[in-house]
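Q: Quick note: the UniProt record's numbering has the sequence shown finishing at residue 426, numbered continuously throughout.
The structure is given below, and queries will be raised subsequently.
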Amino acid sequence: MPKLLLPTARLTSFHIRSFTVRPPAVHASPLPLSSPLPRRFPTYTRRCFSVSANGAKNSDVLSSTKDELKNAEVNSDGGPTVSSGEEQYPSGEFHFEEYGRWKRFVVMLRLLFVLPWQRVRKGSVLTIKLRGQISDQLQSRFSSRLSLPQICENFTKAAYDPRISGIYLHIEPLACGWGKVEEIRRHVLDFRKSGKFVVGFTPACGEKEYYIGCACEELYAPPSAYFALYGLSVQASFLGGVLEKVGIQPQVERIGKYKSAGDQLIRKSISEENREMLTALLDNIYENWLDKVSVTKGKKREDVENFINEGVYQVERLKEDGWITDIKYDDEVVSMLKERLGTPKDKSLPTVDYRKYSRVRSRTLGLAGYQDQIALIRASGSISRVRGPFSMASSSIIAEQFIEYIRSVRGIFSSCGQHGFKLKQE
Numbered sequence: 001m002p003k004l005l006l007p008t009a010r011l012t013s014f015h016i017r018s019f020t021v022r023p024p025a026v027h028a029s030p031l032p033l034s035s036p037l038p039r040r041f042p043t044y045t046r047r048c049f050s051v052s053a054n055g056a057k058n059s060d061v062l063s064s065t066k067d068e069l070k071n072a073e074v075n076s077d078g079g080p081t082v083s084s085g086e087e088q089y090p091s092g093e094f095h096f097e098e099y100g101r102w103k104r105f106v107v108m109l110r111l112l113f114v115l116p117w118q119r120v121r122k123g124s125v126l127t128i129k130l131r132g133q134i135s136d137q138l139q140s141r142f143s144s145r146l147s148l149p150q151i152c153e154n155f156t157k158a159a160y161d162p163r164i165s166g167i168y169l170h171i172e173p174l175a176c177g178w179g180k181v182e183e184i185r186r187h188v189l190d191f192r193k194s195g196k197f198v199v200g201f202t203p204a205c206g207e208k209e210y211y212i213g214c215a216c217e218e219l220y221a222p223p224s225a226y227f228a229l230y231g232l233s234v235q236a237s238f239l240g241g242v243l244e245k246v247g248i249q250p251q252v253e254r255i256g257k258y259k260s261a262g263d264q265l266i267r268k269s270i271s272e273e274n275r276e277m278l279t280a281l282l283d284n285i286y287e288n289w290l291d292k293v294s295v296t297k298g299k300k301r302e303d304v305e306n307f308i309n310e311g312v313y314q315v316e317r318l319k320e321d322g323w324i325t326d327i328k329y330d331d332e333v334v335s336m337l338k339e340r341l342g343t344p345k346d347k348s349l350p351t352v353d354y355r356k357y358s359r360v361r362s363r364t365l366g367l368a369g370y371q372d373q374i375a376l377i378r379a380s381g382s383i384s385r386v387r388g389p390f391s392m393a394s395s396s397i398i399a400e401q402f403i404e405y406i407r408s409v410r411g412i413f414s415s416c417g418q419h420g421f422k423l424k425q426e
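Quick look at the structure:
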């Protein structure tokens, strides 16, 4: 089902979630809908979601808005009334629902007539190699970069694809932010709800890699694997002393004490405000890491923290203490999967690569074609008025060009009778 993504810049933590849309369950204006909705799906207006930072304190806004959402219900004219009930607003959680007989028949019929580049052998294992940088943008079929939207889409497609028996996740050192790591981990857990297996393999593992790997049903590592679980740290360099020696005096306008973008040029060491801010961010990420890992591995939070504080450990101990499933080489894991799937020893394991599987359309698997849709326009990079002579096509946001994108999407939605679209700034 499509999801409504809410902008997080003006929302409290209570509102940062994805909302399942059932036509016409969401209305973006204060006007009532033309027809009343069932009592399970209340009409949410923009008043319910817009939170101003100047009107009240976060605690007051959060408390009052919680009461509004908790007691929101729909009356005969489409407006909200006050009543009780915990199930009135959607949770935003992923719920895997098996297809009925008719939809399974339609999907199987579509798979018989797919184009050659969408064909996948029955019982195949989807192989995904996570390493290096992961882009926010959709990549072309000729690109070698990993794409977060395509990775997440492949997890969802594989959960419903009858030709896919499971996923083999090869995890190597990552060079991406924690937001992307959290999103991939969430899709790993969502995929497991389909009943299919997710097997992970990692030859080198840090906090980010293990955060994804521990979400897999099984995690394997070779005898020579290197696990660097030492905790989190942040590094910063300051050029104030160097520039002072060469006679350069940077002119930096500082708005507030926590605005540290220009500190690299004017300071010789980190400021106390910047240290406070970075420490708070690291503590938040680390606390979340400890909580999620302890729940996933079935251990106490104190045991996980004590294990991290030791710093140095061998792979054999990781197996004994239950941090990994077993010690195996990559070919041994493949042989294990062949035996599990009943593949003859003289045959190779049926697999489909991440890039080839990205060509499989969601519509083929019955995951598209809904009446109400939400357009997602991705804006990544710096904002400029016009394109420079040496700027790349996707390195910045061109104001005039981006406005035309918005207008064109608005025209398409107006002609189709849709409710609106969503802008996602990255």
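Every residue gets a Cβ at the ideal spot worked out from N, C-alpha and C, and that includes glycine.
Would you decide whether T279 is buried or exposed? Buried here means 16 or more other CB atoms lie within 10 Å of its CB.
A: T279 is exposed by the Cβ-count criterion.
Q: Can you tell me whether L148 is buried or exposed, with buried defined as 16 or more other CB within 10 angstroms of its CB?
A: buried
Q: Over the uninterrupted beta strand (DSSP E) stretch that includes residue 428, give me the two end residues.
A: One cannot answer for residue 428 here, as it falls past the ends of the chain, which runs 1 to 426.
Q: Pairs of beta-carbons, one from the stretch 167–177 and one from the stretch 378–386, closer than 8 angstroms: are there three or more?
A: Not touching, per the Cβ criterion.
Q: For I134, which residues in the same chain have their Cβ closer than 6 angstroms to its Cβ, ignoring the five residues on either side in sequence?
A: L146, L148, C176 and K180
Q: Could you pull the start and end residues of the alpha helix (DSSP H) that A159 belongs to?
A: L148 to Y160
Q: Could you tell me the distance, in whole angstroms, from the CA atom of R185 to the CA atom of G100?
A: 28 angstroms
Q: Does the distance from the CB of Y211 to the CB of V293 come in under 8 angstroms?
A: yes
Q: In angstroms, rounded to a whole number, what distance separates the CA positions of V198 and E218?
A: 7 angstroms
Q: Could you tell me the boundaries of the alpha helix (DSSP H) in which E287 lies?
A: E272 to K297
Q: Could you pull out every residue in the same chain whose Cβ sits closer than 6 angstroms to the Cβ of G206, ignoring the five residues on either side in sequence?
A: Only A228 meet the Cβ criterion.
Q: Considering only DSSP beta bridges, list what I164 is partnered with.
A: S124
Q: Apply the 10 Å Cβ neighbour rule to S224 and answer buried if 16 or more other Cβ atoms are within range, or exposed otherwise.
A: With fewer than 16 other Cβ atoms within 10 Å, it is exposed.
Q: With 16 as the cutoff for other CB atoms within 10 Å, does G231 come out buried or exposed?
A: exposed
Q: How would you call D161, buried or exposed, if buried means at least 16 neighbouring beta carbons within 10 angstroms?
A: buried
Q: Let's test the definition: count the other Cβ atoms within 10 Å of the Cβ of I406 and tell me whether it reaches 16, buried, or not, exposed.
A: exposed
Q: Kindly indicate the opening and closing residues of the alpha helix (DSSP H) around R340.
A: D330 to L341
Q: Are the Cβ atoms of I171 and G200 separated by less than 8 angstroms?
A: yes
Q: Quick check on L219: does DSSP put it in helix, strand or coil?
A: strand
Q: Going straight from the alpha carbon of K257 to that of G381, what length do you get?
A: 25 angstroms
Q: For L318, which residues of its own chain have a beta-carbon under 6 angstroms away from its beta-carbon, when the five flanking residues on both sides are left out?
A: I324
Q: Report the CB separation of E183 from C152 in whole angstroms; it is logged as a contact under 8 angstroms.
A: Cβ atoms of E183 and C152 come within 8 angstroms of each other, at about 6 angstroms.
Q: My output table needs one value for G195: the three-state DSSP class, helix, strand or coil.
A: coil
Q: Bridge partners for D353 per DSSP, in chain order?
A: D353 is bridged to T127.
Q: With a CB to CB cut of under 7 angstroms and the five nearest residues on each side skipped, what residues in its chain are close to I285?
A: W178 and L232
Q: Measure the C-alpha to C-alpha separation of E272 and G247 and round it to an integer number of angstroms.
A: 26 angstroms
Q: Using 8 angstroms as the threshold, is the C-beta distance between A375 and V409 below it?
A: With a cutoff of 8 angstroms on beta-carbon distance, A375 and V409 are scored as near each other.
Q: Name the two residues that bound the continuous alpha helix (DSSP H) containing I248.
A: Where I248 is concerned, there is no enclosing alpha helix (DSSP H), given that its DSSP letter is neither H nor E.
Q: Would N154 be called buried (16 or more neighbouring beta carbons within 10 Å of its own) or exposed?
A: buried
Q: Return the bridge partner residues of D326 from the DSSP annotation.
A: Y220
Q: State buried or exposed for V304, treating a residue as buried only when at least 16 other CB atoms are found within 10 Å of its CB.
A: Under this definition V304 is a buried residue.
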